[in-house]
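Enquirer: As numbered in the working numbering, residues 1 to 118 make up the sequence shown, in order. Beta carbons: idealized from backbone N, C-alpha and C, even for Gly. Okay, here's the structure, questions in a sec.
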Amino acid sequence: MAKAFSRNDRVSEQIQRELADLLMFEVKDPRVKMITLTAVEVAGDMAHAKVFYTAAKASKGMQAGLEAAAGYLRSQLGKRMLLRTVPQLHFVYDESIDRGMKMDKLIDQALIDTPPQS
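Now the structure itself:
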């Protein structure tokens with residue numbers, strides 16, 4: 001019987017916590033200061049990890065800053081976590097929050113435009 005909380009899930013959550021701490025306190029690049037990590041997906045063989053992030057003001061410089069810091073972040077993860085191999089980090093912008101806000105505005109607009117029924 002499979003465990004309800006697999007090792008990949010635990011490693012993903014730990015990587016997310018450690019990366020958030022590193023981005024907040026260790027990385028000095030101003031392009032990556034206001035980033036929120038939304039999720040981390042680790043591959044089954046632990047060789048790669050997709051790190052999903054969002055920000056109030058997204059820019060192309062932000063992605064470039066994260067890619068430039070990926071090596072440093074990976075080395076720091078290796079020092080903080082007890083893993084045989086530290087996964088390569090691949091950063092992906094998470095558009096779900098932007099889409100959710102857009103849908104919320106559309107729903108609000110539709111409610112305003114609909115006449116009340118009696």
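Sort out for me which residues DSSP pairs residue 35 with in a bridge.
Expert: 55
Enquirer: Who does residue 49 pair with in a DSSP beta bridge?
Expert: 42 and 89
Enquirer: Beta-carbon separation of residue 37 and residue 76 under 8 Å?
Expert: no
Enquirer: Check whether the Cβ atoms of residue 91 and residue 51 lie closer than 8 Å to each other.
Expert: Taking 8 Å as the Cβ cut-off, residue 91 and residue 51 qualify as a contacting pair.
Enquirer: In three-state DSSP terms, what is residue 98?
Expert: helix
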